[in-house]
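So the structure is just underneath, and the comments pick up after that.
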Amino acid sequence: MKQNEQAVLARDMIQMIRENADNSDILEYLDSFAFSLARGLEDSSVVSWDDLTSICDQRYYSLNNNNPVPLNVELLNQCERSIQKFLPKVRDS
7 MKQNEQAVLA RDMIQMIREN ADNSDILEYL DSFAFSLARG LEDSSVVSWD DLTSICDQRY
67 YSLNNNNPVP LNVELLNQCE RSIQKFLPKV RDS
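Residue numbering for the sequence shown follows the working numbering, starting at 7 and increasing by one per position.
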């Protein structure tokens, strides 16, 4: 997968994690998806898919145990920063 495509996918996934931090079903799906990407892309990743997996996993299990921990925003922000240089540039009209 091309770097810019990975960056767009990661950006959208990060946004979905933020918007659905209280939805365990979506977090479980994103956890599995990020895990698959981490295994498939390995060394050619523009973001740590394992970190995104970890963020979803931690929040998912805490919600399911009725003991929610805050979303790891610091790690999420770090993932977001790592993709910035790979995102397509927005052109002015």
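Where a beta carbon is used, it is the ideal one built from N, C-alpha and C, also for glycine.
A quick note: this is a predicted structure, and the numbers were derived from the prediction, not measured.
When you compare the CB positions of residue i and residue j, do they come within less than 8 Å of one another, or not?
i: residue 62; j: residue 33; result: yes
i: residue 19; j: residue 58; result: yes
Applying the 10 Å Cβ sphere with the 16-neighbour rule, what's the burial state of residue i?
i: residue 31; result: exposed
i: residue 7; result: exposed
i: residue 79; result: exposed
i: residue 21; result: exposed
i: residue 84; result: exposed
Just the Cα atoms here: how many angstroms apart are residue i and residue j?
i: residue 23; j: residue 35; result: 10 Å
i: residue 91; j: residue 49; result: 18 Å
i: residue 29; j: residue 69; result: 8 Å
i: residue 14; j: residue 94; result: 8 Å
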